[in-house]
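Chemist: Have a look at the structure that comes next, please.
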Amino acid sequence: MSEAAKTAFVFSGGGSLGAVHVGMLEALLEAGVGAECVAGTSVGALNAAFFAARPDAAGVRRQREAWASLRTCDVFPPSPLRFALALTPLSNHLVSPDGLEAIVRKWVGLERLEDAALPLAVVAADLVAGAPVVLRSGPAVDALLASTAIPGIFPPRQIDGRELVDGGVVENSPLSAAIADGATRVIVLPCGNTCDLRGLQVPALAIVLQSLNVMLARQLAVDLERYGAAADVRVVPVACPLPTRPHDFSASTRLMDEARDHTRRWLDQGGLDGWR
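Quick note on this note's numbering: the sequence shown kicks off at 8 and runs consecutively.
Have a look at this one:
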């Protein structure tokens, strides 16, 4: 590997399936693979920020504890009144962001993005301009709530006069942000998608999130073609089918364990061989 090479971890969005990132990180760190910068979108931004705050095995263990403790109602608290209001001009979202904000404040441990131990890029989308917004400084909670503001589900977050929503709307795997930060080698940590919903009860929220995940997986293929010449990009494979719906956090431990084992096999089979 070139001594001048700079490695980035890029964390994709994908709802509760973001638990797989933790298992991937465990396997990568076990193999001695680290990063000099990170970028993330949506739940990937949360995981990127968590990792960037403490980019070592102890930090990832704490990240595993956080994911294992999550419940669906922590992120998507049920509120019939909120759902009713969302059908009127009085509200622009179905779910209160209070639960998600509490999670960010408890677990991420950053006051500002620039406080992270690694350079951190959080990607959101400008709702009006339809363009990506890369946040590298400023209050961490605001940036992360903007990047995770699934349109219609969570409210937009206003930063510097712009209405920002989930970065997956424009760039779910922010390769461009990592390359702009000087990365010559990029490891993409995708969330994948449920792959097979047969046998699972599928409420409306799960259908929305699953549809987004399928669309965004196709976007990654386009991005790989676009940025493949600018950096050596490797994508950690995701096991399929994943055993849960993208709004259900009850299977996080299983997702982390399976992703760790799957990533170990990928590395053993030469997933990073021939890096330039």
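Ideal Cβ placement from N, Cα and C applies to all residues, glycine included.
Report the option in Gly137, Cys198, Ser144 and Val50 whose CA atom is closest to the CA atom of leucine 117.
Modeler: Here residue 117 refers to the residue found at position 110 when the sequence shown is read from its first residue. For leucine 117, the nearest C-alpha among the options comes from Ser144.
Chemist: Which one or two residues does DSSP pair with alanine 46 in a beta bridge?
Modeler: Here residue 46 refers to the residue found at position 39 of the sequence shown. Alanine 46 is bridged to Val17 and Ala128.
Chemist: Considering Cα atoms alone, identify which of Lys13, Val50 and Gly30 is closest to valine 245.
Modeler: Start at 1 with the first residue of the sequence shown, and residue 245 comes out as number 238. The shortest C-alpha separation from valine 245 is found at Gly30.
Chemist: For valine 366, which residues from the same chain have a beta carbon less than 7 Å from its beta carbon, with the 5 sequence-adjacent residues on both sides left out?
Modeler: Nothing in the structure corresponds to residue 366, since the chain is present only between 8 and 283.
Chemist: Taking three-plus beta-carbon pairs below 8 Å as touching, is the segment 253-262 in contact with the segment 16-33?
Modeler: yes
Chemist: Quick one: what's got a C-beta closer than 7 Å to alanine 147's C-beta in the same chain, skipping five residues either side?
Modeler: Counted from its first residue, the sequence shown places residue 147 at position 140. Correct list, in chain order: Ala56, Val115, Leu117, Glu118, Arg119 and Leu120.
Chemist: So what's phenylalanine 83 in DSSP terms, helix, strand or just coil?
Modeler: In the sequence shown, counting from the first residue as 1, residue 83 sits at position 76. Coil, per DSSP.
Chemist: Which residues does DSSP pair with valine 135 in a beta bridge?
Modeler: Sequence index remark: in the sequence shown, residue 135 carries index 128 (1-based). Looking at the DSSP assignment, valine 135 forms no beta bridge with any residue, so it has no partner.
Chemist: Starting from the C-beta of histidine 269, find all residues in its chain whose C-beta is less than 6 Å away, skip the five residues before and the five after it, and write them out in chain order.
Modeler: For the purposes of this step, residue 269 is taken as residue 262 along the sequence shown, with counting starting at 1. So the qualifying residues of the chain are Ala246.
Chemist: Quick check: the segment 180-193 against the segment 68-78, are at least 3 beta-carbon pairs closer than 8 Å?
Modeler: With fewer than three CB-CB distances shorter than 8 Å, the segment 68-78 does not count as touching the segment 180-193.
Chemist: Given this structure, state the Cα-to-Cα distance separating leucine 107 from threonine 155, to the nearest angstrom.
Modeler: The count along the sequence shown starts at 1 and reaches residue 107 at position 100. The count along the sequence shown starts at 1 and reaches residue 155 at position 148. Near 9 Å, if we compare the C-alpha coordinates of threonine 155 and leucine 107.
Chemist: Helix, strand or coil: which one does DSSP assign to phenylalanine 256?
Modeler: Locating residue 256 in the sequence shown gives position 249, counting from the first residue. Here phenylalanine 256 sits in coil by DSSP.
Chemist: Going straight from the alpha carbon of alanine 266 to that of asparagine 54, what length do you get?
Modeler: As a first step, residue 266 must be located in the sequence shown, where it is residue number 259. As a first step, residue 54 must be located in the sequence shown, where it is residue number 47. When rounded, the distance between both Cα atoms is 15 Å.
Chemist: If we ignore side chains and look at the alpha-carbon of each, how far apart do valine 140 and aspartate 255 end up?
Modeler: Taking the sequence shown and counting its residues from 1, the one referred to as residue 140 is at position 133. Taking the sequence shown and counting its residues from 1, the one referred to as residue 255 is at position 248. Near 28 Å, if we compare the C-alpha coordinates of aspartate 255 and valine 140.
Chemist: Please report the residue range of the beta strand (DSSP E) in which glutamate 170 lies.
Modeler: Against the sequence shown, residue 170 aligns to sequence position 163. It spans 169-173 - the beta strand (DSSP E) in which glutamate 170 sits, taken as one unbroken run.
Chemist: Is glutamine 276 buried or exposed, if buried means 16 or more other CB atoms sit within 10 Å of its CB?
Modeler: The residue given as residue 276 occupies position 269 in the sequence shown. Classification of glutamine 276: exposed, given that the 10 Å Cβ count is below 16.
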